[in-house]
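Since the structure comes first, as structure tokens, the remarks are kept for the end.
Protein chains: 2
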Amino acid sequence: MTRDTHLRRIQDVADEVGLTSRAIRYYEEMGLLIPAARSDGSHRLYDESDVERLRAIRGLRDDAGFSIGDITRLLEDSDQLARSRTAFLETESPAERLRIARDGLDRVDRQIGLLGDKIERLGAMLAETRARRTRIAGHVEQLEAELGHAGASLRPVAGVPA
Amino acid sequence: MTRDTHLRRIQDVADEVGLTSRAIRYYEEMGLLIPAARSDGSHRLYDESDVERLRAIRGLRDDAGFSIGDITRLLEDSDQLARSRTAFLETESPAERLRIARDGLDRVDRQIGLLGDKIERLGAMLAETRARRTRIAGHVEQLEAELGHAGASLRPVAGVPA
DNA sequence: CCGAAATCTAACGTGAACGTGAAGTTTGTG
DNA sequence: CACAAACTTCACGTTCACGTTAGATTTCGG
Chain X
1 MTRDTHLRRI
11 QDVADEVGLT
21 SRAIRYYEEM
31 GLLIPAARSD
41 GSHRLYDESD
51 VERLRAIRGL
61 RDDAGFSIGD
71 ITRLLEDSDQ
81 LARSRTAFLE
91 TESPAERLRI
101 ARDGLDRVDR
111 QIGLLGDKIE
121 RLGAMLAETR
131 ARRTRIAGHV
141 EQLEAELGHA
151 GASLRPVAGV
161 PA
Chain H
1001 MTRDTHLRRI
1011 QDVADEVGLT
1021 SRAIRYYEEM
1031 GLLIPAARSD
1041 GSHRLYDESD
1051 VERLRAIRGL
1061 RDDAGFSIGD
1071 ITRLLEDSDQ
1081 LARSRTAFLE
1091 TESPAERLRI
1101 ARDGLDRVDR
1111 QIGLLGDKIE
1121 RLGAMLAETR
1131 ARRTRIAGHV
1141 EQLEAELGHA
1151 GASLRPVAGV
1161 PA
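Protein sequences, first through last, are from chains X and H. 156 is the number that our numbering gives to position 156 of the first sequence; each next residue is one higher, with no gaps. 1002 is the number that our numbering gives to position 2 of the second sequence; each next residue is one higher, with no gaps.
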């Protein structure tokens, strides 16, 4: 099971995912991730799953605007899901499997709910903004028609006083 | 033009929009809004447009997760749009009107871009999560079928050892 | 007009999310 | 193996977005 475990150091990883090394250490302090390994000295060493986790953290922070606390809870749910998956595969009892799967379903449903709510509210804002755009675009079109669609160079129009 | 100018005090407004009075004063410090008036003493007095502006601020903060700095820029664009609208209505020159309308179009397009990007990235996250949900739901369904869809009360199934 | 409640300004306090040294250790390279 | 670059662990500093007194007005109900 020991893979081509290509381990990387902190600054390397930080550069790739767009975080600072300090931020990564901070997330570790907050319990968001533990590096896959440490060197003989004690330098942090990250594997590819760590990198993906950091990418997810950055996405949730920058794109979704979630706080570190929110992210902690979301990832805890994800982690529990992963553990559930392992437990699921290791048990033979269908009843136990069902219980685990149902628990997992609840967790993803919570995540979907959070994301969905956020998207919905943002969508409402976007709709309002688009409505304004439509009105303005209408003005522009009509005026361009009146002016004979003269590009950026506007020449005076007969009958209109300066 | 002097309307039924129903002016309200800060705590009243704060309660309605779901902010604290301190937060409202802070937004004023940051230049986000100036109350419609002040009393003979110097208590802040807000009109309905102020209330709507505060509601917008709260939405951008809580729903979209924008920083106060982001919100400042977004509202500056909106304000410029409003001023453009006034200027638009007050000028007779079609050329000038077109220039104003085109400027407005650029501004709403920027806003739409910001919101759209955010929604798109959130949508990608949601899609991933939904995909996971589908897999888990499949497990649940299959297991429920195997178990004869016994609800929450699980009774032992013949042939399955404890 | 008077007292309680609300608001004012001004200033300091706070939690989150890191930034920024300092001082010592580890690692890769010539 | 020498040595600079990268890393380590503290620990204090900073910015943002307000919270929290403090002390002085102002407003409102009776």
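Note that the Cβ used here is the ideal one computed from N, Cα and C, for glycine as well.
- In the three-state DSSP reduction, residue 45 of chain X falls in the strand class (E or B).
- Distance from the CA atom of residue 1062 of chain H to the CA atom of residue 148 of chain X, rounded to whole angstroms, is 45 Å.
- If you check the CB distance, residue 84 of chain X and residue 101 of chain X come in under 9 Å.
- The C-beta of residue 1024 of chain H has 16 or more other C-beta atoms within 10 Å across all chains shown, which makes the residue buried.
- Contact holds between the region 108-119 of chain X and the region 1120-1139 of chain H, because three or more Cβ pairs, one in each stretch, are under 8 Å apart.
- For a Cβ distance threshold of 9 Å, nothing in chain X lies close to residue 1082 of chain H: the least Cβ distance comes to about 11 Å.
- When the alpha-carbon of residue 1132 of chain H is set against those of X/134, X/129, X/106, the nearest one is in X/106.
- The continuous alpha helix (DSSP H) containing residue 94 of chain X extends over residues 94-146.
- Note: residue 8 of chain X is bridge-paired with X/46 in the DSSP secondary-structure output.
- By a beta-carbon distance limit of 8 Å, residue 1072 of chain H contacts residue 1032 of chain H. Their separation comes to about 6 Å.
- Out of X/136, X/111, X/36, X/79, the CA that lies nearest to the CA of residue 45 of chain X is found in X/36.
- Assigned with DSSP and collapsed to three states, residue 1036 of chain H falls in coil, not helix or strand.
- Short of 8 Å from the beta carbon of residue 68 of chain X, and not among the five residues preceding or following it, lie these beta carbons of its own chain, in chain order: 27, 30, 32, 61.
- In this structure residue 1054 of chain H is not in contact with residue 1007 of chain H, their Cβ atoms being roughly 14 Å apart against a cut-off of 8 Å.
- Contact between residue 1143 of chain H and residue 97 of chain X holds, since their C-beta atoms are separated by about 6 Å, short of 8 Å.
- The alpha-carbon of residue 1108 of chain H is positioned some 22 Å away from that of residue 64 of chain X.
- About 14 Å separates the beta carbons of residue 80 of chain X and residue 1129 of chain H, which is beyond the 8 Å limit, so they are not a contact pair.
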